[in-house]
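Encoded as C-alpha cells, the structure appears first; notes follow it.
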Amino acid sequence: MENDQLIKDFFSEMKKQDQNLPIPEFPETKVSTFNWWFPMGIAASLLVGGLLWYQQEPAKEAPNEVIIISLQENENQQQTLIIEEKAYIDVWESSTSSLLTEF
Amino acid sequence: MNRSQLEHILKLHHREAYIWARQCCQFDDELAKDMLQQSYLKILEGKAKLKDATKVKTWLFSIIRYTCIDSLRKGNRLQALGEKDDFIEPEKDTEELNFEAILSQLPTMQREVITSVFYHQMTIAESAEILQISLGTARTHYERGKKKLKELILKSQILEYHGK
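Residue numbers (the working numbering), protein chains in the order written: chain A, 288 to 390; chain B, 722 to 885.
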C-alpha cells in the first residue's frame, strides 16, 4: 500500500500539472460522404445520349434474299424467264392456286 | 447510434481522450492532436463501432491507442513491445520531478497499464480491454510497472534532493 501511495501521489501531482496543459478544441471532423448525385447524373446522361443515338440511326435496308423467277412474253411474243433479286414480294401466288380456280 | 450522439460522447471525453492520446504518442502534442482527429474520424465514419454503450471510455481509449501504435510503427518510433525491459538511467540534470520523463522510462505496456489505472481511474480489467490482452497479463504488467515506477520515482527524488 505504501508503494501505491507513492505512485498515487506521483499521478496526483502529474494531474495537477496537466491542469495547465492546453487542450485543443474539439476538431471539426468532416465525414467524407459519397455524393450519389454525380454518378446518377452521369448514368442519366449516358442513358439519354444512348436513346437519342439509337433513334437517329437510319434503318438498314433488308438484304435481297428473295429471288423471283417469272415467265414473261417479250415484244416478239417469245416467252423468257426473268430472274429478279428482291428483299420482299409484292404479290405471291401459290403454284397450285390454278387447281382451285380452274377445276 | 447516430453521428450527433457519437459527437456528443466524444465531446464529453475529449479532454481525457487528448491526454490519453498524448500519453500513447510519447507526449508529442502535435502527433497526439493528429491521432485524436484520426480516431474521431474512424468513429464518425463508422469504421469503429461501439457495441456496448457502457464501455464508451475503454472503447475510445482502445481506438486512440491503436491509431497511435499504427502511426508510430509507420514512423518507426515505436519500440517493440516488451523490448524496453532494462532499466534506463534517468537524466541526471533533472532538477524537478519530470513526470513525463519518468513515465517514458517504463516499458510501453507497463506504462499504459499503470497510466490507465492510476491516471484515468480504470480497473485492471478495463486496462486489459484497452490493450486487448488477458487479465493475467495486464496484472503482470501492473505489478511490474508499479515496482519499476516506484524505483524511478525514488531515484529521481534522490537526484532532486542531491541537486538542491
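In this text, a Cβ means the ideal position worked out from N, Cα and C, and glycines have one as well.
Measure the C-alpha to C-alpha separation of residue i and residue j and round it to an integer number of angstroms.
i	j	result
A:L293	B:K871	7 Å
A:T254	A:A374	The shown model of chain A, from 288 to 390, leaves out residue 254 of chain A, and the question about it has no answer.
B:S855	B:D773	19 Å
A:V353	A:W379	12 Å
B:R743	B:I879	28 Å
B:L781	B:T775	12 Å
A:G336	A:I310	56 Å
B:I730	A:D296	30 Å
A:E348	A:Q359	28 Å
B:I784	A:L333	44 Å
A:M327	B:Y739	41 Å
B:R794	A:A331	46 Å
A:E315	B:S760	13 Å
A:Y341	A:I329	18 Å
A:D305	B:R865	25 Å
B:T815	B:E881	Reliability of the predicted coordinates at B:T815 is poor, the pLDDT of 44 falling under 50, and the value obtained from them is presented with this limitation in mind. If I take the Cα positions, the gap works out to 7 Å.
A:N363	A:L338	57 Å
B:E766	B:F820	35 Å
A:D291	B:K867	8 Å
B:K805	A:F298	Low confidence applies here, because B:K805 scores a pLDDT of 47, under 50, leaving its location unreliable; read the following figure in that light. If I take the Cα positions, the gap works out to 22 Å.
Between the options, which lies nearest to residue i when the distance is taken from Cα to Cα?
i	options	result
B:G796	B:L762, B:C746 and B:Q759	B:C746
A:I370	A:I355, A:T383, A:S382 and A:L333	A:I355
B:T858	B:Y840, B:M830 and B:M843	B:M830
B:I823	B:K876, B:D755 and B:H883	B:K876
A:E312	B:Q758, B:F748, B:W741 and B:L752	B:Q758
B:L852	B:F748, B:G767 and B:R786	B:R786
B:E751	B:F820, B:P828, B:C789 and B:E850	B:C789
Strictly below 8 Å CB to CB, what residues from chain D border residue i?
i	result
B:H734	Of the protein chains in this structure, namely A and B, none is chain D.
Once you ignore the five residues that flank residue i on each side, which residues in its own chain have a CB closer than 7 Å to its CB?
i	result
B:K778	H734
B:L771	M722, V777 and W780
B:L727	I764 and L765
B:H841	E737 and W741
So, at 6 Å on beta carbons, what are the nonlocal neighbours of residue i in its own chain, with the 5 sequence-adjacent residues on each side left out?
i	result
B:L863	The question names Leu, but residue 863 of chain B in the sequence shown is Tyr. Taken in chain order, the residues that qualify are V834 and I845.
B:M843	S837
A:M301	none
B:A849	L856 and A859
Run through the DSSP bridge pairs and tell me what residue i is partnered with.
i	result
A:Q366	A:E360
A:E371	A:I355
Can you name, in chain order, every residue of its own chain whose Cβ lies under 8 Å from the Cβ of residue i, other than the five neighbours on each side?
i	result
A:I376	V353 and I355
Does any heavy atom of the ligand FMN sit closer than 7 Å to the C-beta of residue i?
i	result
B:K776	With respect to the ligand FMN, the structure offers nothing, as it holds no ligand at all.
Whole alpha helix (DSSP H) runs in the region 817-862 of chain B with 4 or more residues, listed along the chain? 820-825, 829-835 and 845-852
Enumerate, from N- to C-terminal direction, the unbroken alpha helix (DSSP H) stretches of 4 or more residues contained entirely within the region 738-808 of chain B. 750-765 and 777-795
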